[in-house]
Each structure stands twice: as C-alpha cells, then as structure tokens.
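Reading through the structure tokens given below for one structure.
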Ligand SMILES: Cc1cc2nc3c(=O)[nH]c(=O)nc-3n(C[C@H](O)[C@H](O)[C@H](O)COP(=O)(O)OP(=O)(O)OC[C@H]3O[C@@H](n4cnc5c(N)ncnc54)[C@H](O)[C@@H]3O)c2cc1C
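Structure below.
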C-alpha cells in the first residue's frame, strides 16, 4: 500500500470543495484495503471510504484521518437462464458498466446511464433515476465487515433497499466496505420507458427503441439538466441532487396543495408506497425563492436544475453549507417540510 500524506480531496470530488486528507491510500485489492484499515487502527485514526467522490461534500478543514480510495476492478460475466450476471469490482466506473451491459443487449440498468461514481457506491444509497434503481437488479453485494474482518455476501433482501437508502447508509453505516456487487440483467430485454421525460422523448411514430437508444436519450436528458459530468460545464460541478425528494402523508400533501393553490400554482407529485406521496424537492426549492441560476457567493444553484448546488468556481464548503442551510430554512418556512440532504458530509464537526 502506498500511503500519501496531505492529499487535496477537492479534485477527487465532483463538487470540488474542501481540504486535504491527512493520509490517503488507493486499494486495488482486498489486501491493500486491509493494510489501510490496519494503518488507521494502529494509529487510532478514523477511516473514510472514497469512490468517485460524486456524492460528497468535504469540509474546508479536510479530513484528519485515512481516506482509502477503492480501486478494486474486474467484471466477471456468466449466464443464468434468460439472465446475464455481471459481477463487478467496487472500483469499476458505474457508467462504463452500464455502457457495457447495454452493448451486450442486457436490460435493467439502461435508465441509470450517466450517473457518475463507482459500482461499489451504488448499493449504498440505492442509486436510482428515470424509473430504475439498482435494487431492481442487484442479486448480491460482497462487503468486508469491519467488525469481524470477514467478507460477507448479502442477498438483495439483506441489503434493505428503499428510496435512496440501504443498510449501508442507515443501520450498518460505516460497518461494511463494499468490494463488489452482482447484477442480474435480462438478455435481449426491453428497455424501461416509464419516466415522463423518456416517454416524451420517444413519443410519436417509430418502433420500440433499443437499449442503446434509451441510454443515449437518458444521457441527453441528463445533459440538458446538467446531471451528466461534462468537462468544462460549470452547472455540473455539483454533488448531483442536493436534497432527497420528501415523502409525505396524504394529509400533509393536502396541506401542501392548499398552500400551492393560494399561490395560484399546482404542486407536482408521485405516488409512493403505503398511500404516501413523493414531492419533488426541486419544486419546493424553486417555490421557496431559489430559482435556477441563483448565486450565493461562489456557490449557487445550477442554471439547469433547481436541486443541484453548484460550485461556481473557487467556492468553499462553508459557502455550500450556508446555501444549503438557507434553502432548508426557506422550504421549512414556506411549506413546513424539512429537506434532507442526499450527499455525504466528510470532516465536519457536526453533520450539517
Ligand atoms: C452530476 C451528478 C448526477 C447524479 N445523478 C444521480 C442520480 O440520478 N441518481 C442517484 O442516485 N445519484 C446521483 N448522483 C449521486 C452519485 O453519483 C451517486 O450517489 C453515486 O453512487 C456515488 O458514487 P461515488 O463512487 O462517487 O461515491 P462517493 O461520493 O465516493 O461516496 C458516497 C458514499 O458512499 C460510500 N462509499 C463509496 N464507495 C464505497 C464502498 N466501496 N463501500 C462502502 N461505502 C462506499 C462513501 O463512503 C460515501 O459515504 C449524481 C451525482 C452527480 C455529481
């Protein structure tokens, strides 16, 4: 293991803010990962697992511990009836795996095209977009248990997947380091076109689109919203959606509808489980006074997506957090809703 000192973390994240890691190591193998863990333990330092840094806000002070970047690669493929199984190392690039699966004409992850980050992080918050989430296709997650030192194999059910969550970011947060995951995709399967933007894209004459066409459309739609990482595109210097979409009771939704009606607007919604209602956080943010393109010092809101806080160049983590706080206060004041951040915060004394 090659242990580096005082490594700037901002360039290793998509938001690009924050200070250095006191120690930094790349783990290409389980063995190197165990060395980094041993080092952090023997020096009584906290350990942080870094993937692609696309869901991360690093504090300006940095992180006074060991950051281990998971670079475990490899994709094994096999057939199981009408499914093709893709077992990928945690350090594989997620979008490259999707591109490969689509090329192999395997369905199940095409709507997750263009999401930045690593394969290993996808189960953590049950990555999802455009009507699909990884919980739909993951059969197993392989993870190192920091308590027992053993590698555990989790079934899909054991991962406890829900909207933007799993056991890995809730009840077992910080306990497991994901080494790889296995996905079962449908050979020659049909693409999923359920999300409104995708339906609109393929409306009109023409046969059923191919998986490749759906992947291309998803990436184009993402690009139009600055939700695709494109070099030089200032609006995608973000951590993606900064807040989760709140899920509210039917009664609370009726209150929201009444507030919206008074303002002469209609509040969009999506059905959630158990009769609850999912409300787009982006709508709440925009209707609380934070229009797309708002600037706030060197931080701001993306010109193409109200839910993305962006670094307009040289922003500090403090500026990002100040804007986040202001948005949360405004949404709570206007609608009585507490927005919960989606990204992970590293190096902050108290979780912002
Ligand atoms: C432009 C943009 C668009 C995005 N669009 C979406 C979207 O549509 N849907 C969506 O769900 N997300 C989206 N995201 C968020 C992000 O891409 C995902 O959450 C992604 O899975 C994070 O992967 P990462 O490797 O970058 O994780 P990191 O940011 O490096 O880490 C995130 C968390 O996962 C943990 N982690 C990472 N790897 C491992 C591992 N191997 N084992 C254990 N824990 C680990 C980290 O410790 C940290 O807590 C978007 C982000 C951006 C910047």
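Numbering (our numbering), first residue to last: 3 to 354.
Beta carbons: idealized from backbone N, C-alpha and C, even for Gly.
In this text the structure is predicted, and so the values were computed from the model without any measurement.
Item to check | Contact under 8 angstroms by Cβ, residue 140 with residue 129 | outcome: no
Checklist entry - Contact check, residue 182 vs residue 74 under 8 angstroms by CB: the rounded distance? => result About 7 angstroms separates the two Cβ atoms, so the contact holds.
Checklist entry - How close, in whole Å, do the beta carbons of residue 119 and residue 171 come, if the pair is a contact with beta carbons under 8 angstroms? => result Actually they are not in contact, since the Cβ atoms of residue 119 and residue 171 sit about 14 angstroms apart, beyond 8 angstroms.
Next on the checklist: What does the Cβ neighbour count give for residue 4, buried or exposed, with the cut at 16 atoms within 10 Å?
Outcome noted: exposed
Item to check | ligand 1 heavy atom lying under 7 angstroms from the CB of residue 154 | outcome: no
Checklist entry - Just to check, is the beta-carbon of residue 127 closer than 7 angstroms to a non-hydrogen atom of ligand 1? => result A heavy atom of ligand 1 is found nearer than 7 angstroms to the CB of residue 127.
Item to check | Own chain, CB closer than 7 angstroms to residue 314, minus 5 neighbours either side, in chain order | outcome: 236, 297, 300, 301, 302
Checklist entry - Going along the chain, which unbroken runs of the alpha helix (DSSP H) with 4 or more residues stay wholly within the stretch 47–111? => result 96–105
Item to check | Residues bridged to residue 203 [DSSP beta-bridge criterion] | outcome: Paired residues: none, contrary to the question.
Next on the checklist: Taking 8 angstroms as the threshold (C-beta atoms), are residue 14 and residue 52 in contact?
Outcome noted: yes
Checklist entry - Helix, strand or coil: how does DSSP classify residue 13 here? => result helix
Next on the checklist: With H, G and I counted as helix, E and B as strand and the rest as coil, what does DSSP make of residue 334?
Outcome noted: helix
Checklist entry - Going by Cα to Cα distance, which pick from 289, 21, 77, 8 is closest to residue 350? => result Residue 21 is the option with its Cα nearest to residue 350.
Checklist entry - Looking at C-beta atoms only, is the number of pairs between the stretch 205–218 and the stretch 92–110 that lie closer than 8 angstroms three or more? => result yes
Next on the checklist: Below 8 angstroms, how does it come out for the stretch 225–244 and the stretch 144–159: are there three or more Cβ pairs, yes or no?
Outcome noted: At 8 angstroms Cβ cutoff, the stretches do not touch.
Item to check | Other residues of its chain near residue 191: CB distance less than 6 angstroms, five sequence neighbours each side excluded | outcome: 109
Next on the checklist: If contacts are defined as beta-carbon pairs under 8 angstroms, then residue 88 and residue 163 qualify, I think. What distance do you get, rounded to the angstrom?
Outcome noted: Their Cβ separation, rounded to whole angstroms, is 18 angstroms, which puts residue 88 and residue 163 out of contact at 8 angstroms.
Item to check | Presumed contact (8 angstroms Cβ cut-off) between residue 62 and residue 320, rounded CB distance | outcome: 6 angstroms
Item to check | Beta-carbon proximity of residue 309 to residue 281, cut-off 8 angstroms | outcome: no
Next on the checklist: Can you tell me whether residue 6 is buried or exposed? The criterion is at least 16 other CB atoms within 10 Å of its CB, across all chains shown.
Outcome noted: exposed
Checklist entry - In terms of DSSP beta bridges, what is residue 140 paired with? => result 185
Next on the checklist: Going by DSSP, what residue range makes up the beta strand (DSSP E) through residue 303?
Outcome noted: Per DSSP, residue 303 is one residue of the beta strand (DSSP E) stretching across 301–303.
Next on the checklist: Is the beta carbon of residue 273 closer than 8 angstroms to that of residue 285?
Outcome noted: no
Item to check | Beta carbon of residue 23 nearer than 8 angstroms to that of residue 11 | outcome: yes
Checklist entry - Any chance the CB of residue 297 is under 7 angstroms from a heavy atom of ligand 1? => result no
Item to check | Backbone secondary structure at residue 230 - three-state DSSP | outcome: coil
Next on the checklist: Taking the beta carbon of residue 124 as the centre, do at least 16 other beta carbons fall within 10 Å, making it buried, or is it exposed?
Outcome noted: buried
Item to check | Neighbour-count burial assignment, residue 340, 16 or more Cβ in a 10 Å radius | outcome: By the neighbour-count rule (16 or more Cβ atoms within 10 Å), residue 340 is not buried but exposed.
Checklist entry - For residue 207, does the count of other Cβ atoms within 10 angstroms reach 16, so buried, or fall short, so exposed? => result exposed
Item to check | Check whether residue 231 and residue 92 have beta carbons under 8 angstroms apart | outcome: no
Next on the checklist: For the alpha helix (DSSP H) containing residue 255, name the first residue and the last one.
Outcome noted: 252–264
Checklist entry - Among all the DSSP beta bridges, which residues are the ones paired with residue 348? => result As DSSP reads the structure, residue 348 sits in a beta bridge with 60.
Checklist entry - Relative to the C-alpha of residue 113, which residue among 146, 84, 45, 196 is closest? => result 196
Checklist entry - Distance, Cα to Cα, residue 246 vs residue 345? => result 9 angstroms
Checklist entry - What number of angstroms, rounded off, separates the C-alpha of residue 322 from the C-alpha of residue 65? => result Each residue's alpha carbon lies about 17 angstroms from the other.
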